[in-house]
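Letter by letter, the sequence shown follows residues 26 to 412 of the numbering used here.
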Amino acid sequence: MKRNIAVFTGTRADYGLLHWVMKDIQADSDLSLQVIVGAMHLSPEFGETWQEIAADGFSIDAKVEMILSSDTPVGVVKSMGLGLIGFADALDRLRPDLLVVLGDRFEAMAIVQAALILRIPIAHIHGGEVTEGAYDDAIRYSISKMANLHFVAAAPYARRVIQLGENPERVFNVGAVGLDSLKRGKFLSLDELGRQLDFEFTKPFFLATYHPVTMADEDPAETCGAMLRALDNFDDYQVILTYPNADNGGRAIIPLVEAYAKNDSERVLAIPSLGFTRYKAALSKAAAMIGNSSSGIIEAPSFGVPTVNIGDRQLGRICASSVYHSAPNTEAITNTITTAISKKGQINARAAINPYGMGDASGRILSLIKANTGPFSHAFYDLEIPK
């Protein structure tokens, strides 16, 4: 009898990372894929990206509406409450043998809480990491404590999950799933990307995304404005700006991004979501990744693309030498971009070694899911402390 493996995705970003995990489960004769979609995927404001999932050949088994129009802290908490109710119904109906979630967002926290109470085993991808500038950090470790299988991206992250009291026999260093895109699937050419975006690439370009910083003293609109003013200093480069996520403070950024693109439409393109295929193509061909997205830390180094990481959102992550950190002000961002795109910066980016693996995580996760069928214990694993 086939095991039902449910995969949850709530944003364009986690779907891009989970894509090949979902494809591998879908293709396996011993497993049956169940897809649960929620949060930003279902929001017109953020591009209704569930449509891309369906276009990629996945049958969506449950859609959970949960995002309110408010992105205040109270609004986010209420969205979590709506999600918890919707996920309870979806999981009770689907009754998967295992739920797979990735990362550290509030919608992932909601579905994992529901699965825990419904006694559905949980596999967590990308646990053990540190992002000191966002409350995602606490969410990530909370999810790890509710999970039964752990697929981490680097050895230090495995140690951290074990420190939480998780059994080492269920903690697996598989590398970062986002890197599988390097070895699998086709890349759009720059001409194809331009045609799909209705945007003419006439110069080298930056790919820029700035998300709210939820646990640091960094005003989202102020820092985004500083980034945009810094980009003004690089007339020889075009810019693709993607919208922020739905964390509190995110909606204050969207008008800034839209106005910046409207003011110089031949040089700047603003888009709610590039989607998995177009984002991969844009990242691979960008002169630099600018902002504070985790893809600049985890994926960009494997494409030989330098990253300008702004502010504290990703503080604590392991980084390749091609990641350049900048204070969240215009002068610092300008200077850091100059360093990143210099001849030395470009050479360094092409030679950088990505600490997040070799792009074979999805296959390893599939094998481990098949090999670990439970029953799973939540017994606390005590480390031996030297006397």
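Each residue gets a CB set at the ideal place from its N, CA and C atoms; glycine is no exception. If you're wondering where the values come from, they're calculated on a predicted model, not measured in any experiment.
Classify residue i as helix, strand or coil using the three-state DSSP reduction.
i    : result
L127 : strand
K287 : helix
S367 : coil
T332 : strand
I265 : strand
G63  : strand
A376 : helix
F83  : coil
A271 : coil
F259 : coil
A345 : coil
Would you kindly report the start and end of the unbroken beta strand (DSSP E) that includes residue i?
i    : result
T34  : 28-34
V238 : Run containing V238: none; DSSP gives neither H nor E here.
H350 : 348-351
G321 : Here G321 belongs to no beta strand (DSSP E); instead the alpha helix (DSSP H) covers 319-323.
M252 : Element bounds for M252: not the beta strand (DSSP E) but the alpha helix (DSSP H), 245-256.
L391 : Not the beta strand (DSSP E): L391 falls in the alpha helix (DSSP H), residues 386-396.
G9   : Since the first residue of the chain shown is 26 and the last is 412, residue 9 is not available in this structure.
L2   : Since the first residue of the chain shown is 26 and the last is 412, residue 2 is not available in this structure.
Quick check on residue i: buried or exposed, where buried means 16 or more other Cβ atoms within 10 Å of its Cβ?
i    : result
F405 : exposed
S387 : buried
D337 : buried
P15  : In the structure as shown, the chain begins at 26 and stops at 412. Residue 15 is therefore absent and cannot be evaluated.
N288 : exposed
K27  : exposed
A325 : buried
I110 : exposed
R195 : buried
Between which residues of its own chain and residue i is the CB-CB distance below 6 Å, once the five residues before and five after are set aside?
i    : result
R185 : G153
L124 : A31, A140, I145, I147
A357 : S351
A375 : Note that residue 375 is Arg in the sequence shown, not Ala. Closer than 6 Å at Cβ, skipping near neighbours: G329.
L390 : With the sequence shown as reference, residue 390 is identified as Ile, and Leu is not the correct amino acid for it. Counting only Cβ-Cβ distances below 6 Å, and skipping sequence neighbours, we find V46, F176, V199.
A172 : I147, H149
What first and last residue would you give for the alpha helix (DSSP H) that runs through residue i?
i    : result
Q188 : 180-188
L308 : 300-310
M47  : 37-52
A80  : 75-80
So, for residue i: in the same chain, excluding its five sequence neighbours on each side, which residues have a beta-carbon less than 7 Å away from its beta-carbon?
i    : result
Y262 : K228, P229, F230, F231, A312
E191 : S169, H175, Y406
Closer than 8 Å by C-beta to residue i: which residues in its own chain qualify, once you throw out the five before and the five after it? Chain order, please.
i    : result
Y349 : P331, T332, V333, N334, T361, T364, A365, G370
Legend entry - Entirely enclosed alpha helix (DSSP H) segments - the stretch 102-178, minimum 4 residues: The stretch 102-178 contains these whole alpha helix (DSSP H) runs: 131-142, 161-171.
Inset, instruction - List in chain order: all unbroken alpha helix (DSSP H) runs of 4+ residues lying wholly within the stretch 189-227. - result: Listed in chain order, the complete alpha helix (DSSP H) runs (minimum 4 residues) inside the stretch 189-227 are 215-222.
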